[in-house]
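J.: Going down the list, the protein sequences come from chains C and G. For the working numbering, add 27 to where a residue sits in the first sequence, where the first one is 1. For the working numbering, add 321 to where a residue sits in the second sequence, where the first one is 1. Virtual Cβ for every residue (Gly too), placed ideally from N, Cα, C. Since the structure is predicted, the reported quantities are computational estimates derived from the model, not experimental observations.
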Amino acid sequence: MSAAANISAVEVVATSKIFNQGSDKHVDALLDVNLSIQSGEFVSLIGPSGCGKSTLLRLIANLLESTQGSIRVNNKTAAQARLDQDYGMAFQQAGLFDWRTVRKNIELPLELKGWDKDKREARAIEMLGLVKLEEFGNMYPWQLSGGMQQRVAIARALAAHPPLLLMDEPFGALDEMTREYMQGELLRICAETSTTVVFVTHSIPEAVYLSNRVVVMSPRPGRILEVIEVNLGSKRNEQTRAADGFFRSITAVREALRGTHAEHVAANAIRGAEDR
Amino acid sequence: MTILSRVKNIAAPLIFGVVFLALWEGVVVGFDLKPYFLAAPSKIVEQFFKNTTRIWEATVVSGTNALVGLIVGTILGIAMSFVLSRFRFLSQLVTPLAISLNAIPIFVLVAVLNNMYSITSEIPRRFMVTLVVYFIVLVNVARGLTQVRSIHVELMRSYAASDLAILRKVRVPNAIPYLFTALKVAAPASVITAFVSEYFGGSQNGLGSRITSNIANSKNAAAWAYVLGACLLGLAFYTVSIILESLTRKGQTK
């Protein structure tokens, strides 16, 4: 891992999130989650639909408030970290603004930071180089393919050089080939910029290929079942996908997930028996 | 291929129009229909060119009423939509009213307004157009300001953007296509409202009053000539709104 290890990037302590507390739409989304992410680490959150992994990401981003517990980002409260733009965010949809050119899209977070025009433009051009879209700066988002749009979204998220990148299934809408290419690009970009990443995904191979650690979560109420270390080294490439260690880690994650599945089936069976 | 399909696109409606006019002429001549029953297209065109000055004068009167109402209504509609998008409780009060008013012919109110002003005043008509345009613009622009993609708002919040910044960088750009949709509806509606307003008394100087007075005098072909003028005015308004739209959307049409 990088030299910056042991400096905490994200600190989630005894955090719970309940939606619509006290009403009949009450949902326990997260229950007593503890997670510590070191600077420079790549951590994936994986689990079945509705396990609260996106909720956890939004709590870290301070787009949601936790019901209990504390979250610190970059050694600040999550709220302060958001105000200081200490993180960049990317979603499943690129979410680019149709009325802005690609370059202007990347400049948006910088505009909000009050950067002047020349500085913004220079940075946007630098970011276009980072995601290998130099020639596309003056095009509009809808003129780009899905994978290219997602690269623009990543460039935008990293434009202000935040130390932390939060990603919610960013490659979920891409085809398999583009997806694998984007995974390689993301690793390269994160290595070049030494960015810490929290990455939400449904895909086990994706989580294993990208991560230093994979956090496996249970269905509602979301809890952390297991944190699996992935020892594939810091240099990963197409050979990594054929390595024994890759398959071992995939199996480990799958078994951790299946554990939740087995519990789930057992619980349903008991409930079924009681109904009878 | 594209040129051919473009020619087809223009030629097809053109041929249809010519055939329709020829049939009309044929029916009038063939069945020897009296002019007070149905005027022949050739007679209408003849009347149109005989009365161009008077038709032009009437068009200016109705056109000015429509234009003044369109501009004032658009400005007021935009202003109010900002207020509504800021204060949601107001929007819950006003939006159902605005939508229902859009569905009924409120221009009959001009009869009431005529009683409030002097009989020769153009104000009631302009006020009526303003009112019609106002609600069309209000409903659409308010929708554009509020129906923004949640991912965009979430992104802006992750940048710690203020409400004002979200308004300027997300809501207003999002509302611009909605404004032009509104104008495409409001432009012809303003012309129609200006004509119809003239049917409820007041000065007899606009296209609408000329049409009624000519019909009353059994000058059917002349009435149709004024109708032709009305069509041209409506088309002009619509064309301008489309040109405006294409100018602002330059380079970003999908």
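How far does the beta strand (DSSP E) with Asn61 of chain C in it reach, from first residue to last?
T.: Where Asn61 of chain C is concerned, the enclosing beta strand (DSSP E) stretches over Val54 to Gln65.
J.: Determine whether the Cβ of Lys575 of chain G lies closer than 8 Å to any Cβ atom of chain C.
T.: Caution applies to Lys575 of chain G, whose pLDDT of 42 falls short of 50 and renders its modelled position unreliable; the value that the coordinates give is listed next. Yes, Lys575 of chain G lies at the interface with chain C (some Cβ there is under 8 Å from its Cβ).
J.: Chain C partners of Pro494 of chain G, CB-CB under 9 Å?
T.: Phe124, Asp125, Trp126 and Arg127
J.: So which residues of chain G does Ala88 of chain C contact, with C-beta pairs closer than 8 Å?
T.: Ser479
J.: Consult DSSP for His87 of chain C and reduce its assignment to one of helix, strand or coil.
T.: Before going further, note that residue 87 of chain C is Ile rather than His in the sequence given. It is helical.
J.: Verify the CB distance criterion: does Pro136 of chain C have a CB-CB separation below 8 Å to chain G?
T.: Yes, Pro136 of chain C counts as interfacial toward chain G.
J.: Report yes or no: do the segment 95 to 114 of chain C and the segment 199 to 216 of chain C share at least 3 C-beta pairs separated by less than 8 Å?
T.: no
J.: Which residues in the same chain as Val284 of chain G place their Cβ atom closer than 7 Å to its Cβ, once the five residues preceding and following it in sequence are excluded?
T.: Given a span of 322 to 575 for chain G in the structure shown, any question on residue 284 of chain G remains unanswerable.
J.: Rounded to whole angstroms, what is the Cα-Cα separation between Lys146 of chain C and Gly79 of chain C?
T.: 39 Å
J.: In the DSSP assignment, find the unbroken beta strand (DSSP E) run with Ile98 of chain C in it and report its ends.
T.: Gln95 to Val100
J.: Measure from the C-beta of Leu342 of chain G to each C-beta in chain C and report whether the shortest distance is under 8 Å.
T.: no
J.: Rounding to the nearest angstrom, what Cα-Cα distance links Arg375 of chain G and Pro168 of chain C in this structure?
T.: 52 Å
J.: Does Asp83 of chain C get closer than 8 Å to chain G when you measure Cβ to Cβ?
T.: Note that residue 83 of chain C corresponds to Leu in the displayed sequence, not to Asp. False, the Cβ-Cβ gap to chain G never drops below 8 Å.
J.: If I'm right that Gly173 of chain C touches Ala200 of chain C with Cβ under 8 Å, what's the distance once you round it to whole angstroms?
T.: 6 Å
J.: Quick one: give me the first and last residue of the beta strand (DSSP E) that Ile255 of chain C is part of.
T.: Ile251 to Glu256
J.: Does the distance from the CB of Glu68 of chain C to the CB of Ala36 of chain C come in under 8 Å?
T.: Yes.
J.: In terms of DSSP beta bridges, what is Arg240 of chain C paired with?
T.: Its beta-bridge partners are C:Val70 and C:Glu256.
J.: Taking Cβ positions only, does Met204 of chain C come closer than 8 Å to chain G?
T.: no
J.: Could you check if Asn538 of chain G is buried or exposed, using at least 16 other CB atoms within 10 Å of its CB as the buried criterion?
T.: Per the 10 Å Cβ criterion, exposed.
J.: Can you name the residues that DSSP bridges to Gly115 of chain C?
T.: Partner(s): C:Leu192.
J.: List the residues of chain G whose Cβ lies closer than 8 Å to the Cβ of Leu171 of chain C, in chain order.
T.: Ordered by position in chain G, no residue passes the 8 Å Cβ test against Leu171 of chain C, which lies about 13 Å from the chain.
J.: Are the Cβ atoms of Arg531 of chain G and Ala419 of chain G separated by less than 8 Å?
T.: no
J.: On a CA-only basis, which of C:Phe124, C:Phe46, C:Asn101 and C:Ser76 is nearest Leu91 of chain C? Give me that one, please.
T.: Nearest to Leu91 of chain C by C-alpha distance, out of C:Phe124, C:Phe46, C:Asn101 and C:Ser76, is C:Phe46.
J.: Phe46 of chain C by DSSP, collapsed to three states: which one?
T.: strand
J.: Is the Cβ-Cβ distance between Arg240 of chain C and Val100 of chain C less than 8 Å?
T.: Going by C-beta atoms, Arg240 of chain C is not nearer than 8 Å to Val100 of chain C.
J.: Would a C-beta distance cut-off of 8 Å place Ala508 of chain G and Ser562 of chain G closer than the cut-off?
T.: Yes, the pair counts as a contact, with Cβ atoms nearer than the cut-off.
J.: Measuring only the C-alpha atoms, how far is Val280 of chain C from Glu475 of chain G?
T.: 31 Å
J.: Along chain C, which residues have their Cβ under 8 Å away from the Cβ of Ile427 of chain G?
T.: Neighbours of Ile427 of chain G on chain C: none; closest Cβ ~34 Å, over 8 Å.
J.: Residues in the same chain with beta-carbon distance under 6 Å from Thr222 of chain C, minus the five sequence neighbours each way, listed in chain order, please.
T.: Leu192
J.: Can you give me the C-alpha to C-alpha distance between Thr220 of chain C and Asp484 of chain G, rounded to a whole angstrom?
T.: 31 Å
J.: Skipping 5 residues on each side, what residues in its chain have a beta carbon closer than 7 Å to that of Val506 of chain G?
T.: Closer than 7 Å at Cβ, skipping near neighbours: Ile457.
J.: For Val517 of chain G versus Phe558 of chain G, is the C-beta distance shorter than 8 Å?
T.: no
J.: From Ser3 of chain C to Val39 of chain C, what distance separates their C-alpha atoms?
T.: Nothing in the structure corresponds to residue 3 of chain C, since chain C is present only between 28 and 303.
J.: Between the Cα of Ala184 of chain C and those of C:Val225, C:Gly211, C:Met166 and C:Asn165, spot the shortest distance and give me the residue it belongs to.
T.: The candidate whose alpha carbon is nearest that of Ala184 of chain C is C:Val225.
J.: Chain C partners of Glu475 of chain G, CB-CB under 9 Å?
T.: Arg85, Ala88, Leu90, Met116, Phe118 and Gly122
J.: How long is the line joining the alpha carbons of Leu84 of chain C and Met116 of chain C, rounded to whole angstroms?
T.: Cα to Cα, Leu84 of chain C sits roughly 10 Å from Met116 of chain C.
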